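Each remark here refers to the structure printed beneath this line.
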DNA sequence: CTGCCGATGTAATTTAACTACATTTAAATG
DNA sequence: CATTTAAATGTAGTTAAATTACATCGGCAG
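Protein chains in written order, with the numbering used here: chain A, 21 to 304; chain B, 21 to 304.
Structure follows, in structure tokens:
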């Protein structure tokens with residue numbers, strides 16, 4: 021856990037003098053890591069051992085070790101930050117911002133995804149005789165992508181971005197059917213109804229959505245991720261990216277589970293694509 | 021500049037003993053930051069002052085200061101590294117790896133994208149009377165996504181993932197037409213031919229692809245990105261993610277260029293979506 | 001072969017960090 | 001309200017780490 025956050029969180033638990041130390045550090049962490057224990061003690065108006073005790077309280081070996089942790093947390097705190105695009109931004113500027121925000125979003129998704137849930141979703145997928153991917157609006161592209169990906173595994177897979185087709189597929193569903201529903205908010209009425217319908221017909225339902233949403237509650241397995249909301253008008257919809265990566269994760273789990281024979285299959289697909297391409301060294 | 025990179029880059033300039041130090045640090049930086057100068061000297065089989073001199077050569081005040089820099093660079097130097105999935109990986113493990121590889125790919129794309137080219141692409145898009153997004157295979161999902169995004173701007177936009185439809189659109193193209201072709205390799209024969217056809221019919225062609233590809237050469241504006249190749253079977257196709265973010269960048273540039281009136285339009289679209297959703301506080 | 005310069009090591013010095021103990025402060029109980 | 005006790009803080013001494021100054025080694029030019 022990030023050291024700065026840790027200090028902030030424990031502020032209440034510290035003693036009076038320790039809090040003085042904490043405040044000095046929080047106010048100017050960059051100065052703090054460059055100071056000796058004596059300097060810092062003077063700044064906080066406490067004795068040197070107090071500073072030392074403060075460090076140990078934060079599970080470090082001592083002052084130098086604490087400085088190391090602090091330094092890391094200063095650097096590590098915000099590798100990629102989500103920054104809003106301003107109307108005055110130059111192309112360089114908004115390009116960077118959007119890439120960085122996207123990476124920040126993926127990082128946040130990574131932090132919040134539950135590998136155990138991934139595992140259960142993979143369980144269902146490998147056992148499925150028929151896989152459907154459903155997504156509406158922005159998530160429909162993700163569903164298409166998923167279809168493309170799983171199609172290479174030589175699995176009966178389809179995707180729909182049409183509510184009627186979704187319902188029809190669900191009505192014909194059976195126990196071997198796995199339905200993957202993709203929705204960032206998890207509040208799209210149509211999709212929630214489809215989830216219900218699918219379960220009524222004994223299909224397994226995997227939801228790729230956000231935590232505590234109606235859709236998550238309706239699913240057999242809810243693969244949830246926290247992705248910063250797109251409050252800003254200019255902001256890209258980072259959720260699609262996270263969803264796509266989640267699909268990649270499921271696909272990978274799927275391949276791993278299926279073992280070697282399926283990997284050969286993948287190779288064949290890749291090779292089949294080759295002849296539709298210009299060679300790397302071709303003149304054109 | 022990142023300390024680890026700095027060491028690596030200066031390896032040649034170091035003296036024999038200093039290089040020993042450098043190698044020990046590069047081999048196990050995590051150990052290095054936890055060691056004292058004496059320990060590190062012993063590990064590198066050199067004397068303590070040599071280590072100290074090594075530190076100063078890298079523009080630090082001394083050993084402790086160097087450790088701080090190193091710690092920071094460990095934290096933010098290579099935040100996300102692309103690592104291959106092993107068949108023995110646990111769900112936790114492959115989930116992390118895939119997210120991290122995706123982020124690393126986006127980072128690499130970010131480094132290599134040319135903002136000036138982005139700007140020219142935005143020029144073309146804003147002037148276009150009709151925008152087409154074309155993508156085949158894995159890129160077709162990206163094209164769909166782009167359509168969805170630009171549709172919100174109330175611009176005549178269409179996407180196709182069918183070669184025949186692409187050709188038909190190109191034949192009817194005129195000067196006001198902007199064709200955006202999406203292909204990671206830029207070697208798909210069909211797409212390159214479509215690019216040619218589009219230009220013959222005076223359409224503007226934007227390619228989102230990789231550098232020095234046939235498709236890049238055929239386009240009016242080639243928005244190229246370096247994305248690590250998917251050599252590994254298990255690896256996700258990171259290129260799609262980069263392409264999507266590139267679309268986000270173009271969309272953002274588009275909105276910024278169009279100014280305030282168009283932003284109002286965006287708001288209206290967002291609001292229109294609202295009523296198809298369950299409220300956040302709804303009971304279900 | 002010899003003298004010089006850069007590179008490296010040794011030993012001494014300085015500085016920083018830590019420990020043990022003393023003192024203060026605050027809290028609780030009779 | 002006084003007294004006891006424990007927790008918190010500070011002081012001084014100790015230890016360990018880092019740095020400096022100086023000595024020595026080794027390679028290269030003259």
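No residue lacks a Cβ here, since even glycine has one placed at the ideal position from N, Cα and C.
Fair warning: this is a prediction, and the values are worked out from it, not measured in the lab.
What do you get for residue i, buried or exposed, if any count of 16 or more other CB atoms within 10 angstroms of its CB means buried?
i: residue 36 of chain A; result: exposed
i: residue 263 of chain A; result: buried
i: residue 108 of chain B; result: exposed
i: residue 234 of chain B; result: buried
i: residue 40 of chain B; result: buried
i: residue 238 of chain A; result: buried
i: residue 261 of chain A; result: buried
i: residue 98 of chain A; result: Model confidence at residue 98 of chain A stands at a pLDDT of 49, short of 50, so the residue's coordinates are unreliable; what they give is reported in the following sentence. Exposed, since its Cβ has fewer than 16 Cβ neighbours within 10 Å.
i: residue 127 of chain A; result: buried
i: residue 279 of chain B; result: exposed
i: residue 257 of chain A; result: buried
i: residue 165 of chain A; result: buried
i: residue 81 of chain B; result: exposed
Within the continuous alpha helix (DSSP H) that includes residue i, where are the two ends?
i: residue 164 of chain A; result: 158–171
i: residue 265 of chain A; result: 258–278
i: residue 25 of chain B; result: 23–30
i: residue 49 of chain A; result: 49–54
i: residue 74 of chain A; result: 68–77
i: residue 105 of chain B; result: First-last for residue 105 of chain B: undefined, no H or E at that position.
i: residue 139 of chain B; result: 135–147
i: residue 129 of chain A; result: 111–132
i: residue 59 of chain A; result: 57–64
Our contact map puts residue i next to residue j with C-beta atoms below 8 Å; I'd like the distance itself, whole angstroms only.
i: residue 141 of chain B; j: residue 226 of chain B; result: 5 Å
i: residue 223 of chain A; j: residue 197 of chain A; result: 4 Å
i: residue 58 of chain A; j: residue 44 of chain A; result: Contact doesn't hold; Cβ gap of about 13 Å is too wide.
i: residue 152 of chain A; j: residue 200 of chain A; result: 7 Å
i: residue 118 of chain B; j: residue 269 of chain A; result: 5 Å
i: residue 122 of chain B; j: residue 24 of chain B; result: Rounded, the Cβ-Cβ distance is 23 Å, inconsistent with contact.
i: residue 49 of chain A; j: residue 78 of chain A; result: The pair is not a contact, with the Cβ atoms about 13 Å apart (cut-off 8 Å).
i: residue 156 of chain B; j: residue 181 of chain B; result: 6 Å
i: residue 129 of chain A; j: residue 245 of chain A; result: 4 Å
List the residues that DSSP assigns as beta-bridge partners of residue i.
i: residue 154 of chain A; result: A/180 and A/201
i: residue 224 of chain B; result: B/198
i: residue 241 of chain A; result: A/226
Can a CB atom of chain B be found closer than 8 Å to the CB of residue i?
i: residue 87 of chain A; result: yes
i: residue 168 of chain A; result: yes
i: residue 165 of chain A; result: yes
i: residue 127 of chain A; result: yes
i: residue 139 of chain A; result: yes
i: residue 105 of chain A; result: yes
i: residue 268 of chain A; result: yes
i: residue 240 of chain A; result: no
i: residue 229 of chain A; result: no
i: residue 70 of chain A; result: no
i: residue 152 of chain A; result: no
Can you confirm whether residue i, when its beta carbon is compared against all beta carbons of chain A, has any partner nearer than 8 Å?
i: residue 130 of chain B; result: yes
i: residue 244 of chain B; result: no
i: residue 224 of chain B; result: no
i: residue 136 of chain B; result: yes
i: residue 119 of chain B; result: yes
i: residue 75 of chain B; result: no
i: residue 259 of chain B; result: no
i: residue 265 of chain B; result: yes
i: residue 92 of chain B; result: yes
i: residue 51 of chain B; result: no
i: residue 37 of chain B; result: no
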